[in-house]
Amino acid sequence: MRLFLIMMALVFFGCGKEKSVSDARNLNPYETTKNYFTSSAKLVVEVAYESGQEPYADGTTLTIAGETVALWEVLERNLTALFVGRSVIPTITVPKQLAAMKELPVQGKASWTAEDILKLGEQHRTGRSSTSETYFFVVFLGGVFNDGSADRPTTVGVSLGGTTVVAIFKDVVRQTGMGAAGFIPRYVEQATLVHEIGHALGLVDNGLPMKVAHKDADGHGAHCNNPDCVMYWLNEGRTDLIQFAIRMNVLGNVVMYDQKCLDDARNF
Ligand SMILES: [Zn+2]
Ligand SMILES: [Zn+2]
15 MRLFLIMMAL
25 VFFGCGKEKS
35 VSDARNLNPY
45 ETTKNYFTSS
55 AKLVVEVAYE
65 SGQEPYADGT
75 TLTIAGETVA
85 LWEVLERNLT
95 ALFVGRSVIP
105 TITVPKQLAA
115 MKELPVQGKA
125 SWTAEDILKL
135 GEQHRTGRSS
145 TSETYFFVVF
155 LGGVFNDGSA
165 DRPTTVGVSL
175 GGTTVVAIFK
185 DVVRQTGMGA
195 AGFIPRYVEQ
205 ATLVHEIGHA
215 LGLVDNGLPM
225 KVAHKDADGH
235 GAHCNNPDCV
245 MYWLNEGRTD
255 LIQFAIRMNV
265 LGNVVMYDQK
275 CLDDARNF
């Protein structure tokens with residue numbers, strides 16, 4: 015369906031802060047928390063990557079607190095956990111192998127604004143959300159995020175507010191550890207996906223009302239106040255994500271949302 019073009023304030027998340035920029039794009043009226051949680055029978059994560067910036071995928075696993083899971087199952091398990099006990103439970107589809115993800119040509123950009131990312135999404139995504147289906151578009155990019163005022167070289171991922179578009183900056187993921195075989199970069203990549211899609215779905219107090227107050231009280235945006243929850247504000251920047259990965263490797267759970275974040279989704 016062709017949607018109308020509108021000027022609006024776009025809120026995005028990155029580096030622990032919310033920012034607004036002016037943005038012209040096609041608004042999809044079905045991209046709302048209410049739609050995701052009350053009428054959508056299907057939730058599909060579409061993944062694309064700039065050539066050379068592909069996510070960790072095929073044949074790789076993560077062991078979290080003694081449990082070994084295939085990499086993209088981490089995201090799938092976390093999304094599934096949000097819908098436990100709800101009256102409408104969508105079928106969740108997350109690609110597991112690179113062959114099920116879309117390779118895009120090298121973009122050669124040193125930095126990306128929100129507008130650049132949305133434009134790329136418009137060009138390459140195929141699924142469109144409706145009342146009964148939700149499509150997220152995740153794209154892995156080279157270069158760094160630019161929040162409209164400056165480059166943000168430690169931001170691992172961003173969720174473009176009010177849309178289903180998420181970008182992961184692969185160069186920054188790689189900087190969290192030595193080599194693709196390491197636990198930390200793999201964990202950081204999945205945790206960032208879980209965090210950013212969490213924002214897009216409505217966490218924290220970003221469409222999903224809180225069952226009990228647990229939003230960051232220090233002005234860090236739509237984040238959880240629990241440092242051991244994937245929605246904590248610092249858990250989308252490079253340095254703190256490394257620390258989070260190290261702690262959660264031993265003490266964590268495959269499901270990275272804490273109980274308060276899960277309760278918001280389950281009680282909506
Ligand atoms: Zn965030
Ligand atoms: Zn939380």
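Numbering of the sequence shown is given in the working numbering, commencing with residue 15 and proceeding in unit increments.
Even for Gly, the Cβ is constructed at its ideal location relative to N, Cα and C.
Given the structure is predicted, the values throughout are model-derived calculations rather than measurements.
Asked                                                                                                                                                                     : Found
Spell out the partners DSSP gives residue 238 in its beta bridges.                                                                                                        : 229 and 246
Using the C-alpha atoms, what's the distance from residue 165 back to residue 71?                                                                                         : 28 angstroms
Report all residues from its chain with a CB closer than 8 angstroms to the CB of residue 158; omit the five preceding and five following residues, and keep chain order. : 124, 125, 126, 165, 166, 167, 169, 183, 185 and 186
Say yes only if the C-beta of residue 232 is nearer than 7 angstroms to one or more non-hydrogen atoms of ligand 2, and no if none qualify.                               : no
What's the gap between the Cα of residue 232 and the Cα of residue 109?                                                                                                   : 36 angstroms
Could you check the C-alpha separation between residue 100 and residue 278 for me, to the nearest Å?                                                                      : 11 angstroms
Could you check what DSSP says for residue 135 in three-state terms: helix, strand or coil?                                                                               : helix
What's the call for residue 105, buried or exposed, on a 16-neighbour Cβ count within 10 Å?                                                                               : exposed
Answer yes or no: does any C-beta atom of chain C fall closer than 8 angstroms to that of residue 78?                                                                     : Here there is only one protein chain, and chain C is not present.
Let me know the secondary structure DSSP gives residue 49 once reduced to three states.                                                                                   : helix
The beta strand (DSSP E) that contains residue 182, what's its start and end?                                                                                             : 179-183
Just checking residue 203 against ligand 1 - is the residue's beta carbon closer than 7 angstroms to any of the ligand's heavy atoms?                                     : no
Considering only the alpha carbon of each residue, which of 253, 201, 225 and 234 lies closest to residue 83?                                                             : 201
From the DSSP output, in three-state form, read off residue 75 for me.                                                                                                    : strand
Taking 8 angstroms as the cut-off, does the segment 55-65 touch the segment 136-152 (at least 3 CB pairs, one atom from each stretch)?                                    : yes
Could you check if residue 138 is buried or exposed, using at least 16 other CB atoms within 10 Å of its CB as the buried criterion?                                      : exposed
How long is the line joining the alpha carbons of residue 118 and residue 63, rounded to whole angstroms?                                                                 : 6 angstroms
Considering only heavy atoms of ligand 1, does any lie closer than 7 angstroms to the CB of residue 129?                                                                  : no
Could you check whether the Cβ of residue 123 sits closer than 7 angstroms to any heavy atom belonging to ligand 2?                                                       : no
Taking the DSSP output, what are the residues bridged to residue 129?                                                                                                     : The partner list for residue 129 (beta bridge, DSSP) is empty, contrary to what the question assumes.
Please state the DSSP three-state secondary structure of residue 224.                                                                                                     : coil
Compare the beta carbon distance of residue 204 and residue 89 with 8 angstroms and say whether it is the shorter of the two.                                             : yes
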